[in-house]
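Quick notes on the structure that follows.
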Amino acid sequence: MAEKKPGKDKRKAQRKPMLVTTVLRRARPDGGYEIMEFRSRDMSEGGVFICAEDLGVFDLGEELEILVDDAGARYYEGKARVVRSSRVFTGEAQPLESGFGLMFLSPDPEFTEMLSRKLKG
Numbered sequence: 003m004a005e006k007k008p009g010k011d012k013r014k015a016q017r018k019p020m021l022v023t024t025v026l027r028r029a030r031p032d033g034g035y036e037i038m039e040f041r042s043r044d045m046s047e048g049g050v051f052i053c054a055e056d057l058g059v060f061d062l063g064e065e066l067e068i069l070v071d072d073a074g075a076r077y078y079e080g081k082a083r084v085v086r087s088s089r090v091f092t093g094e095a096q097p098l099e100s101g102f103g104l105m106f107l108s109p110d111p112e113f114t115e116m117l118s119r120k121l122k123g
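If you count the sequence shown from 1, you need to add 2 to reach the working numbering.
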């Protein structure tokens, strides 16, 4: 049996560091919506990492509506699932960055084209 190396990244899609405004919309029990805006740390064809101080905002596995800013020209809509939460510390044990990994769910062709353009540019 092959030995697993701790911390090895198993994602297939290459991530690219980029700051992009990402808006998430979540249904509330009363029928209304919560709308939250975040900045991203990196993006790939498979998803985006959004920065958030409060790791209690979303639950792992939660599905959200996502809008990704395309350089101010328009927002592309899609769905995403929260697949991880992360808090990164400096060598001095000071919090450096925290947030959530979101996986895009069945992106439509326009959303996929926008992602390809952003990742190439």
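Cβ atoms here follow ideal geometry from the backbone N, Cα and C, with glycine treated the same way. Here the structure is a predicted model, which is why all the values come from computation and not from measurement.
Since F106 contacts G80 with CB under 8 Å, what's their CB separation in whole angstroms?
6 Å
DSSP three-state label for P31, please.
coil
Assuming S100 and L57 are in contact, meaning their beta carbons sit under 8 Å apart, how far apart are those beta carbons, in whole angstroms?
6 Å
Going straight from the alpha carbon of Y77 to that of V25, what length do you get?
9 Å
C-beta contact flag for R89 and G103 at 8 Å
no
Would M116 and D72 qualify as a contact pair, given that the criterion is a beta-carbon distance under 8 Å?
yes
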